[in-house]
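Novice: The opening position of the sequence shown corresponds to residue 1 in my numbering, with each subsequent residue numbered one higher.
Supplied in structure tokens, the structure appears directly below.
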Amino acid sequence: MTNQPPSPNSFCFLCCQQGSEPALKAELDDQKWRLAFSRPGFITLKNASPADGGDDALPAGIFIRNAAWSIGKVAGEESDVLANQLVELLRVANLPKPDLMHLWGRDRLPVGERGFMPGNEPLTEAVADFLAAKLHQEELVASPMANQIARPGDRILDIVMVESNQWWVGWHNVETAVNRWPGGTFPLNRDREVISRAYYKTSEAIAWSGFQLHEGDQVVEIGSAPGGSVQRLLELGLHVIGIDPAEMDESIMEHSHYRHFRARGGDIKRHHYAKAKWLLVDSNVKPEKTLTTVENIVQHRDTSIAGMLLTLKLSSYERAADIPIWLDQIRSWGYPNIRARQLATGRTEICVAASV
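This is the structure in structure tokens:
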């Protein structure tokens, strides 16, 4: 079956990490949005007043991985049938031709469970390649290539495989870094040999934050073991001080631009932070403990940290209610530029990017 497309901007859909749905819903403006269909990791919303002349922006929030205006859905058991329904749906919708097509699957598990990481797998990539070529041939999308990283200003056709036999279809305009990535998921090189998942988290955090880390900059990472994050920082040409009571990977310890302190962040004399421009923290402690440690560092007269990427572990999504308090605390240290996001590569946690 093919649904008739809704009125422009009357429905949207959101993707998120499985389990984060209550925290995401709590962030929404309930005067504007009404909950509609949902599945774990996928939520549709109805715009309560699409024609009132008010704000016409898609929802934004810490736990929203990506958002798109909904055109409708197609459902069926055969890919060819689904593809033909998709062509029909797009012709009826009669929207301006998108520059690119992004297709991805709804998260099938919480991140980290049984090793799950968001991002396309061979099946979804094969479907994406087939559809992009078909839609390009039908003159419904400009590029024949699927899941390319978009450029600012591009218009994207979004297709979410909510189930293998149910695809939701929408669109968005590229306005931010994460808008450029298929499904709002940082593109991973899964063939890359990495020390730990922290390699991917730090890669995504830097790309999302927009921080300009330059070769030769000094960065301190608290919670550095076993070294996945440091691996990425060293690849970028940074000089890294790692602080962690646990052991680091031998390849990191041997690197000429790495120095390690086998201790906790609060135990290191402040002069070791004096030349650092950037601070990364990812420790398995409560957010309050992380923030106390960081405050004692950045408020010291001998330090001049320009930017921070802080991982705050939530333990449960009920703790999301405290996020505004934590952000206000960071702001009070003299870091007015603050953003927070649940990274696609993170678990039950948020990443805070703060800069002076």
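Note that CB positions come from ideal geometry on N, CA and C, so glycine has one too.
(1) Could you pull the start and end residues of the alpha helix (DSSP H) that L135 belongs to?
(2) Cβ of H300 within 8 Å of Cβ of R264?
(3) If you reduce the DSSP assignment to three classes, tell me which class G119 lands in.
(4) Identify which residue in R262, P226 and D217 has its Cα closest to the Cα of V240.
(5) Can you name, in chain order, every residue of its own chain whose Cβ lies under 8 Å from the Cβ of T124, other than the five neighbours on each side?
(6) State the DSSP-derived secondary structure class of T293, mapped to helix, strand or coil.
(7) Nearest CA to the CA of S332: which residue from L291, Q17, R347 and Q85?
(8) Pop quiz: N9 and D56 are said to be a contact at Cβ under 8 Å. What is the actual Cβ separation, rounded to whole angstroms?
(9) Short check: CB of L238 to CB of V219, under 8 Å?
(10) W69 to E121, Cα distance in whole Å?
(11) Could you tell me the distance, in whole angstroms, from the CA atom of S164 to the CA atom of A142?
(12) Check whether the segment 173-180 touches the segment 29-42, taking contact to mean three or more Cβ pairs, one atom from each stretch, closer than 8 Å.
(13) Please check the pair M308 and L343, which I expect to be a contact at CB under 8 Å, by giving their CB distance rounded to whole angstroms.
(14) Decide if the segment 70-89 is in contact with the segment 105-118; the criterion is three or more beta carbon pairs, one per stretch, under 8 Å apart.
(15) Using DSSP with H/G/I as helix, E/B as strand and the rest coil, what is R264?
(16) When you compare each of R151, L95 and W168 to F42 by their alpha carbons, which one comes out closest?
(17) Ordered along the chain, which non-local residues of its own chain (more than five positions away) have a Cβ less than 7 Å from that of R155?
(18) What did DSSP end up calling N179 once you bin it into helix, strand or coil?
(19) How many Å lie between I195 and K201 at the Cα?
(20) Where does D158 fall in DSSP's three states?
(21) What is the DSSP secondary structure of S70, reduced to helix, strand or coil?
(22) What are the boundary residues of the alpha helix (DSSP H) that includes T202?
(23) So, under 8 Å CB-CB, R65 and C15 are touching, yes? Tell me the CB distance rounded to an integer number of Å.
(24) Does DSSP classify A276 as helix, strand or coil?
Specialist: In short, the structure shows the following:
(1) Its alpha helix (DSSP H) spans residues P122 to Q137.
(2) The answer is no: Cβ separation not under 8 Å.
(3) Here G119 sits in coil by DSSP.
(4) The shortest C-alpha separation from V240 is found at D217.
(5) The residues are L103, W104, G105 and M161.
(6) T293 falls in the helix class under three-state DSSP.
(7) Per the Cα distances, L291.
(8) That belief holds up - the Cβ atoms of N9 and D56 are roughly 6 Å apart, short of 8 Å.
(9) Cβ atoms of L238 and V219: closer than 8 Å.
(10) Using only the alpha carbons, I get a separation of about 24 Å.
(11) Looking at the two C-alpha atoms, the distance is approximately 25 Å.
(12) No: the two stretches stay apart, fewer than three of their Cβ pairs being nearer than 8 Å.
(13) Contact check for M308 and L343: beta-carbon distance about 15 Å, past the 8 Å limit, so the pair fails to qualify.
(14) With fewer than three CB-CB distances shorter than 8 Å, the segment 70-89 does not count as touching the segment 105-118.
(15) Coil at R264, not helix or strand.
(16) Considering only alpha carbons, the answer is W168.
(17) Hits under 7 Å: P96, P98, D99, W171 and N173.
(18) It is helical.
(19) When rounded, the distance between both Cα atoms is 12 Å.
(20) Correct three-state label for D158: strand.
(21) Reduced to three states, the DSSP call for S70 is strand.
(22) Segment A198 to S209, the alpha helix (DSSP H) holding T202.
(23) Yes, R65 and C15 are in contact; Cβ-Cβ is about 5 Å, under 8 Å.
(24) Correct three-state label for A276: coil.
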